[in-house]
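J.:
Residue numbers (mature numbering (1 follows the signal peptide of the UniProt record, and there is no 0)): -25 to -1, 1 to 454.
(1) At what residues does the alpha helix (DSSP H) containing residue 403 begin and finish?
(2) Between residue 169 and residue 71, is the Cβ-Cβ spacing less than 8 Å?
(3) Measure the Cβ-Cβ separation of residue 185 and residue 224 and say whether it is below 8 Å.
(4) May I ask you to list the residues that DSSP assigns as paired with residue 134?
(5) Ignore the nearest five residues each way along the sequence and tell me which others in residue 53's own chain have a CB closer than 8 Å to its CB.
(6) Using C-beta distances below 6 Å, list every residue in its chain close to residue 59, excluding the 5 sequence neighbours before and after it, in chain order.
(7) Could you round the C-beta distance between residue 200 and residue 192 to whole angstroms and report it? I think they count as a contact, below 8 Å.
(8) Please go through the same chain and pick out, in chain order, the residues whose beta-carbon is closer than 6 Å to the beta-carbon of residue 338, but skip the five residues on each side of it.
(9) When you compare the CB positions of residue 369 and residue 215, do they come within less than 8 Å of one another, or not?
(10) How long is the line joining the alpha carbons of residue 179 and residue 300, rounded to whole angstroms?
(11) Taking the beta carbon of residue 188 as the centre, do at least 16 other beta carbons fall within 10 Å, making it buried, or is it exposed?
(12) What are the residues that DSSP puts in a beta bridge with residue 169?
(13) Determine the direct distance from the alpha carbon of residue 98 to that of residue 129, and round the result to whole angstroms.
(14) Please go through the stretch 251 to 308 and give each complete beta strand (DSSP E) segment of 3 or more residues, from N-terminal end onward.
(15) Would you call residue 211 buried or exposed, if buried means 16 or more other Cβ atoms sit within 10 Å of its Cβ?
(16) Taking 8 Å as the cut-off, decide whether the C-beta atoms of residue 407 and residue 372 are in contact.
(17) May I have the straight-line CA-CA distance separating residue 274 from residue 55, to the nearest angstrom?
(18) Following the continuous alpha helix (DSSP H) through residue 330, name the residue where it begins and the one where it ends.
(19) So, for residue 257: in the same chain, excluding its five sequence neighbours on each side, which residues have a beta-carbon less than 7 Å away from its beta-carbon?
(20) Going by the beta-carbon positions, is the gap between residue 319 and residue 262 smaller than 8 Å?
(21) What is the rounded straight-line gap between the Cα of residue 119 and the Cα of residue 198?
(22) Taking the alpha helix (DSSP H) that residue 452 falls in, what are its first and last residues?
(23) Would you mind working out which of 231, 77, 281 sits nearest residue 255, comparing C-alpha positions?
(24) Alpha carbon to alpha carbon, what distance is there between residue 105 and residue 503?
(25) Please confirm whether residue 217 and residue 100 have their CB atoms less than 8 Å apart.
(26) Note down, in chain order, each residue of its chain lying with its Cβ closer than 7 Å to the Cβ of residue 117, except the 5 sequence neighbours on either side.
(27) Can you round the beta-carbon distance between residue 387 and residue 326 to whole angstroms, since I take them to be within the 8 Å contact cut?
(28) Is the distance from the Cβ of residue 446 to the Cβ of residue 92 below 8 Å?
(29) Locate the alpha helix (DSSP H) running through residue 108, then write down its first and last residues.
(30) Tell me whether residue 380 sits in a helix, a strand or coil according to DSSP, three-state version.
(31) Assuming the contact rule is C-beta atoms closer than 8 Å, residue 167 and residue 231 should be a hit. Round their C-beta distance to whole Å, please.
(32) Between residue 341 and the rest of its own chain, which residues show a CB-CB distance below 6 Å, the 5 nearest in sequence each way excluded?
(33) Thinking C-alpha only, which one of 452, 400, 431, 439 is nearest residue 206?
(34) Can you tell me whether residue 230 is helix, strand or coil according to DSSP?
(35) By a C-beta neighbour count over all protein chains shown, 10 Å radius and 16 as the cutoff for buried, is residue 82 buried or exposed?
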């Protein structure tokens, strides 16, 4: 066993060292755009008039540059974005629901499933009513505008302004899934002891005042996007945002009865493994779909999603084996999610070898996040939302500023000609800090309002009996 473990660790070390030394040459000139914006078709270069004066007695006149082509629907891009939207839905229902459901105790299984399921339904409706408009219809620093409330002005043949080769309805649908999964992620922090009504009240408030402004600031032309922050598919908007909300919720709802004294073990790691697998598959729509088209950026994001996830799984298991002497199925699933989280902001900006290094780092750091850091914080983050999504999101966002460098095989971000690693890391750090503060403040207020209206926590008797029966009147398993 010791020889096997030593060989495993040595292999990981060599892989990490090799990844750094084999960092690829900068990616080809196809400009990668952060989600949700895709690269616009560049106008053709002006055709210079012949320079040879002898060819004509008169001085040659340069030909006028042709006008940029009008936006035109591309069936390939549209098909890819429809597929990506379905993949992200698969991440939430059933992927995330099963991942969390397996981690819960059997008496709370359905409560977790219904919270994730209903949040998805609720947020997608709110997205169409006002979320899309407040995120993408204006140019304010923190919020958009009201021009597209109730999807006003959008028709089947309307093309997206940000992704001009797909119908705007497809873009609306794709972005609705991002909003829904972000809110659903938070469920894992306060699971097994919160009132269902409180979950819904919090979801509406937090979606409106945390998710929407963060998405607008990064992707909708707001403060962070203008500052040059790189977030390809949601490191700040999704993962740090949800991770901080989860941590605040864990503090405010309080610890589960028996936390720290009893073994609150998952009831089905089989379901958790199935859920993690669905998350991994669905994440290809999440990351590669954020390219906005079936192009080279999507291909780069696709391979990076495979590699970072695999690397994080291996490094998590290596750390777990060193610490506990055994590698676990839960560790493999958690490591995979950690890698997926870390590569999310970087997927279209870093090279494949950079994504491997990011995954290796994320696996070990997030293992510490759900262990040592969790003990330091003293919060009952039931399913480690902060330890994986918060810590992994922070790590991924900052490392994006490093590995996006063309010297390390990256694309150079949104402005390759002027990219500077130090400056970009500082921009990334500022975006992380703003996300932490914004989400933390909004989350605290949203939980307080829910507490005042209906109360956050179920009674001790209801918690001991289980939320499946006491909150929903049914059980996951008939015995």
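Idealized CB from N, CA, C, for every residue including glycine. Note that the coordinates shown come from a computational prediction; the quantities given were computed from them, not determined experimentally.
T.: By the coordinates alone:
(1) Looking at the DSSP string, the run of the alpha helix (DSSP H) that includes residue 403 is 396 to 428.
(2) No, Cβ-Cβ distance for residue 169 and residue 71 is not below 8 Å.
(3) no
(4) Among the bridge pairs identified by DSSP, residue 134 is matched with 142.
(5) 140, 141, 142, 145
(6) 260, 264
(7) 7 Å
(8) 287, 290, 291, 310, 313
(9) yes
(10) 44 Å
(11) buried
(12) 432
(13) 20 Å
(14) none
(15) buried
(16) yes
(17) 12 Å
(18) 327 to 344
(19) Here the set comprises 62, 63, 65, 66, 70.
(20) In this structure, residue 262 lies closer than 8 Å to residue 319 by Cβ.
(21) 11 Å
(22) It is not in any alpha helix (DSSP H) - residue 452 carries neither H nor E in the DSSP assignment.
(23) 281
(24) Beyond the ends of the chain as shown, which are -25 and 454, falls residue 503; an answer cannot be given.
(25) no
(26) 188, 191, 192, 197, 198
(27) In fact, because the Cβ distance is near 11 Å, the residues do not count as touching under 8 Å.
(28) no
(29) Residues 107 to 111.
(30) coil
(31) That belief holds up - the Cβ atoms of residue 167 and residue 231 are roughly 6 Å apart, short of 8 Å.
(32) 313, 363, 366, 367
(33) The shortest CA-to-CA distance from residue 206 to any of 452, 400, 431, 439 is the one to 400.
(34) coil
(35) buried
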